[in-house]
Amino acid sequence: VGNDEEFDFMAGAPGAGLGQARDLAATADIVVYKRGPEGAVTFAGADEIATGIYPVEALKPTGAGDSFLAGLLASLADGRPLKDALLRGSACASIVVARPGCAPAMPGPAELDAFLATHPGPTAP
């Protein structure tokens, strides 16, 4: 899991991150290329899954990546399908950026479910 800047660094060239993520997917089960407000692209086996974001009025970007990863991993640990886990991670990121602070802004499972029930689906990637 990384953002465009991190994958660009691994690739050794600006703008080469998405290709680097694709290449890494040949030897990893799951590679997630985060694109900030444009969502994410996930490579899992032969699948390429593009996901959007849940629009909110962001107060700050801090904590978005960490909360995305926490929501993704917790959802996978709960046995949810990958696409569902990615969307739950995206929702966690949206919740956190819309609140002050980072750790205190992270939703619990019930709050995440309530957010998903009251917010329209994510934007198109």
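Per this note's numbering: the sequence shown ends with 148, consecutive numbering throughout. Ideal Cβ placement from N, Cα and C applies to all residues, glycine included.
Next on the checklist: Rounded to the nearest angstrom, what separates Pro148 and His142 at their Cα positions?
Outcome noted: 17 Å
Checklist entry - How is the beta strand (DSSP E) around Ile53 delimited, first residue to last? => result Element bounds for Ile53: Ile53 to Lys57.
Item to check | DSSP state of Gly88 mapped onto helix, strand, coil | outcome: helix
Checklist entry - Are the stretch 68 to 86 and the stretch 121 to 130 touching, with three or more C-beta to C-beta distances below 8 Å? => result yes
Item to check | CB of Gly40 within 8 Å of CB of Asp27, strictly | outcome: yes
Next on the checklist: Within the continuous alpha helix (DSSP H) that includes Asp101, where are the two ends?
Outcome noted: No alpha helix (DSSP H) holds Asp101; DSSP gives it neither H nor E.
Next on the checklist: Within the continuous beta strand (DSSP E) that includes Thr65, where are the two ends?
Outcome noted: Ala63 to Ala67
Item to check | Closest Cα partner of Gly59 within the set Ala133, Gly94, Gly25 and Gly68 | outcome: It is Gly25 whose Cα lies nearest to the Cα of Gly59.
Item to check | Gly62 versus Leu109: straight-line alpha-carbon distance, rounded | outcome: 10 Å
Checklist entry - Which residues in the same chain have their Cβ closer than 7 Å to the Cβ of Pro123, if we skip the five residues on either side of it in sequence? => result Leu82
Item to check | Residue(s) in a DSSP beta bridge with Asp27 | outcome: Asp27 is not bridged to any residue.
Item to check | Rounded straight-line distance, which links the Cα of Gly68 to that of Ser113 | outcome: So the two alpha carbons sit approximately 21 Å from each other.
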